[in-house]
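Residue numbers (the numbering used here): 1313 to 1483. Backbone N, C-alpha and C fix where the C-beta goes; we use that ideal spot for every residue, glycine too. Down below is the structure, laid out as structure tokens.
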DNA sequence: CCAGGGATCCCCT
DNA sequence: GGGGATCCCTGGC
């Protein structure tokens, strides 16, 4: 299977919304590991979410993959997710993990190793094509309560595969 | 040891 | 646009 990342969120040092905030634990250990590896966690008792660790070992920062555009293996994704429209296959962090079968076993996976079960590649041609359809948009993150004002969500405006705007929590 | 919270999704209105 | 599902992790006792 293959998919193009179209929406992400960053979680950084000194960010109360970051799982690494408050120190290393069994759950967030991968975040403290070397860069280029996956941090996969379980949420709301139902879903898995996948991140790419981006800073040196010991610096707990990561990028949450929030939405992807399916490219190869759509039939397989449809089997794992029963939805009316393909658009709903991977337009959310939990959805895409179900569609791509990402779970605890991939926590810590080397995202830079093409022999890994989960890896990320850079495709300049595709990037150019995608950006020609719409700009990258920067907004606040979705579904969090702490540090909700930080502009750390990024998505391709021209993509129909981006997740819906989240509910804004009152305070 | 155990109660409570959470970077979501889906179904209901 | 509101609420429940459902389990792992954390912190408090």
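Considering only the alpha carbon of each residue, which of 1316, 1404, 1384 lies closest to residue 1361? 1404
Which value, in whole angstroms, describes the spacing of the CA atoms of residue 1452 and residue 1410? 25 Å
By alpha-carbon positions, which one of 1353, 1408, 1379, 1338 ends up nearest to residue 1391? 1408
CA nearest to the CA of residue 1329, picked from 1470, 1464, 1427: 1464
From the DSSP secondary-structure annotation, give me the bridge partner or partners of residue 1371. Partner(s): none; residue 1371 has no beta bridge.
Which of the three DSSP states, helix, strand or coil, is assigned to residue 1359? strand
Spatial neighbours of residue 1290 within its chain, please: C-beta separation below 7 Å, excluding the five flanking residues on both sides. A question about residue 1290 goes unanswered here, because the residues of the chain that appear run from 1313 up to 1483.
Which partner residues of residue 1318 appear in the DSSP bridge assignment? According to DSSP, which records beta bridges pairwise, residue 1318 is partnered with nothing at all.
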